[in-house]
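Novice: Take this structure first; my questions come after.
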Amino acid sequence: MISKTYLRYIWLVDTIDKSRIPLDFEHIVKLWQASPYAYMGGLSIRTFHEHRKGIKEMFDIDIACDKSSLFTYYIKNPEVLKKNTYAQMLLRKYSVPQDFSTFSMMRDRIILEEIPHGTAYFDAIIEAMRNNTEVVIDYQRYEGQLETLTLQPYALKVYNRRWYVLGYIKEKEAIRHLALERFIDFHATNIQFDFPKDFIPRKYYDNVVGIYVNDQLPLEKLKIRVYGVEVEYLRMLPLHKSQYEVKSKYGEYAEFTYRVCLTPDLKSKLLALGSHVEVLEPLEYREKIMSEIKDAMNRYLMKS
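If you're matching positions, the sequence shown starts at 2 in the working numbering and goes up one per residue.
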């Protein structure tokens with residue numbers, strides 16, 4: 002669960018951003034008192050300004066005061082809010098109240114997708130990212146191997162209901178991602194690191210579907226044919242941002258192309274579509290997917 006401080010930040014940004022009228026401090030306080038989050042405590046002028054500072058440091062969103070308009074507050078740089086995918090994710094997820102104690106009629110009727118594990122160290126990772134400080138982690142891989150790693154955390158990413166932290170691991174001398182749910186122990190340090198100015202986390206994942214990035218994998222042209230209702234699903238929720246529809250036959254199929262690295266995550270996504278998708282190109286990848294399907298079929302045939 003995200004901390005109360007971050008929920009207050011998100012509420013404040015969301016309230017000011019969506020307001021149709023200019024809000025002064027007194028109006029903001031009244032809205033806070035009427036919100037589902039009021040149980041967290043009051044909103045004094047000092048706390049308000051501390052929240053403004055925290056929001057600036059965390060999201061680079063500047064809540065400014067318009068002294069010429071009765072000291073009302075507004076988001077000075079809304080373009081940053083649009084570009085900050087982390088802030089957008091939090092606003093989408095947490096602008097819906099997490100504590101529905103004041104909405105007893107609704108708490109069983111609004112269902113959010115839960116991330117069951119990996120949130121224990123969420124706030125600590127955020128704090129290390131904010132301060133650019135190293136952390137030491139006891140990490141147990143899914144294969145069972147336990148290792149102690151020194152991590153310089155760069156970014157957080159959600160994929161398949163799991164939180165991952167992306168950063169530079171000293172012992173590996175490379176940038177890697179780690180699943181928060183596999184953290185066995187966590188130690189914060191005061192050792193500073195320099196966040197690389199030319200590193201943009203969002204671009205790090207530009208050429209992949211999912212979380213897996215391998216610099217040795219080339220960028221390739223993938224072409225698939227999708228059948229039935231899955232066509233509309235992919236049109237509304239593309240498999241990758243490079244998706245381009247090249248051909249279609251109404252009511253039957255559509256063909257899409259992509260410029261992606263052929264990662265394990267991509268393979269899992271394609272296999273999950275089952276008989277609704279057919280890989281057309283590249284030929285070697287088509288044969289690889291066919292082999293996976295045959296292996297799955299053999300497992301069923303052996304037990305029939």
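Ideal Cβ positions, reconstructed from N, Cα and C, are used throughout, including at glycine.
Go ahead and pull the three-state DSSP assignment for proline 79.
Specialist: The answer is helix: DSSP assigns proline 79 an H, G or I state.
Novice: The beta strand (DSSP E) spanning valine 184 covers which residue range?
Specialist: In the sequence on display, residue 184 carries phenylalanine and not valine. 184 to 193 is the extent of the beta strand (DSSP E) around phenylalanine 184.
Novice: Measuring straight from C-alpha to C-alpha, what distance separates valine 136 and aspartate 266?
Specialist: Each residue's alpha carbon lies about 28 Å from the other.
Novice: Is glycine 252 buried or exposed, if buried means 16 or more other CB atoms sit within 10 Å of its CB?
Specialist: Label assigned to glycine 252: exposed.
Novice: Would you list the residues sitting across from serine 292 in a DSSP beta bridge?
Specialist: According to DSSP, serine 292 bridges with nothing at all.
Novice: Ignore the nearest five residues each way along the sequence and tell me which others in leucine 147's own chain have a CB closer than 6 Å to its CB.
Specialist: So the qualifying residues of the chain are Gln141.
Novice: Using the beta-carbon count (16 or more within 10 Å), is valine 261 buried or exposed?
Specialist: With 16 or more Cβ atoms within 10 Å of its Cβ, valine 261 is classed as buried.
Novice: Can you list, in chain order, the residues of its chain with a C-beta nearer than 8 Å to that of glutamate 256? Leave out the 5 residues immediately preceding and following it.
Specialist: Answer for glutamate 256: Lys224, Ile225, Arg226, Val227, Glu246, Val247, Lys248, Ser249, Leu281, listed in chain order.
Novice: Please name the residue in Gln153, Val14, Ser276 whose C-alpha comes closest to that of methionine 316.
Specialist: Only positions 2 to 305 of the chain appear in this structure, which leaves residue 316 out of reach.
Novice: If I follow the unbroken beta strand (DSSP E) through lysine 268, where does it start and stop?
Specialist: No beta strand (DSSP E) contains lysine 268, which is instead part of the alpha helix (DSSP H) from 265 to 273.
Novice: Return yes when the Cβ of leucine 71 is within less than 7 Å of the Cβ of aspartate 25, no when it is not.
Specialist: Taking 7 Å as the Cβ cut-off, aspartate 25 and leucine 71 qualify as a contacting pair.
Novice: Which complete beta strand (DSSP E) runs does the stretch 204 to 254 hold, if anything under 3 residues is left out?
Specialist: Here the runs fully enclosed are 221 to 228, 245 to 250.
Novice: Quick check on arginine 163: does DSSP put it in helix, strand or coil?
Specialist: Strand.
Novice: Does the Cβ of glutamine 99 have 16 or more other Cβ atoms within 10 Å, making it buried, or fewer, making it exposed?
Specialist: Interpretation of glutamine 99 is limited by its pLDDT of 44, a score under 50 that renders its predicted location unreliable; the figure taken from the coordinates is listed afterwards. Flag for glutamine 99 reads exposed.
Novice: Quick check: what's the CA-CA separation for glutamate 182 versus tyrosine 160?
Specialist: Their backbone Cα atoms lie some 12 Å apart in a straight line.
Novice: Since I believe valine 30 is in contact with leucine 44 (beta carbons under 8 Å), could you give me their beta-carbon distance rounded to a whole number of angstroms?
Specialist: Sure, about 5 Å apart at Cβ, within 8 Å.
Novice: When DSSP labels each residue in this structure, what does proline 154 get in the three-state scheme?
Specialist: Proline 154 falls in the strand class under three-state DSSP.
Novice: Of all the options Ala273, Tyr301, Glu279, Leu218, which has the alpha carbon lying nearest to the alpha carbon of threonine 264?
Specialist: Checking every option, the nearest Cα to that of threonine 264 belongs to Leu218.
Novice: Locate the alpha helix (DSSP H) running through histidine 178, then write down its first and last residues.
Specialist: From DSSP, histidine 178 is part of no alpha helix (DSSP H) but of the beta strand (DSSP E) over 175 to 180.
Novice: Whole angstroms is fine: what's the gap from proline 37's alpha carbon to histidine 52's?
Specialist: So the two alpha carbons sit approximately 18 Å from each other.
Novice: Could you pull out every unbroken alpha helix (DSSP H) segment of at least 4 residues lying fully inside the stretch 5 to 76, listed in chain order?
Specialist: The stretch 5 to 76 contains these whole alpha helix (DSSP H) runs: 5 to 19, 26 to 34, 46 to 60.
Novice: Quick check on histidine 50: buried or exposed, where buried means 16 or more other Cβ atoms within 10 Å of its Cβ?
Specialist: So histidine 50 counts as exposed.
Novice: Given that a residue counts as buried once 16 or more other Cβ atoms are within 10 Å of its Cβ, and exposed if not, what is methionine 298?
Specialist: Counting Cβ neighbours within 10 Å, methionine 298 comes out exposed, since fewer than 16 surround it.
Novice: Let me check understanding here. Comparing Cα to Cα, which of Asp63, Leu274, Ala189 lies closest to tyrosine 122?
Specialist: It is Ala189.
Novice: Name the residue from Ile76, Thr6, Ile56 whose alpha carbon lies nearest to the alpha carbon of isoleucine 22.
Specialist: Cα-wise, what sits closest to isoleucine 22 is Ile76.
Novice: Under 8 Å Cβ to Cβ from phenylalanine 194, same chain only, skipping five residues before and after it: list those, please.
Specialist: If we look at phenylalanine 194 and ignore the five residues flanking it on each side, its Cβ neighbours are Asn133, Thr134, Glu135, Gln153, Tyr169.
Novice: Using only alpha-carbon positions, find the residue among Met237, Ile192, Leu157 that is nearest to isoleucine 212.
Specialist: Of the candidates Met237, Ile192, Leu157, the one whose C-alpha sits nearest the C-alpha of isoleucine 212 is Leu157.
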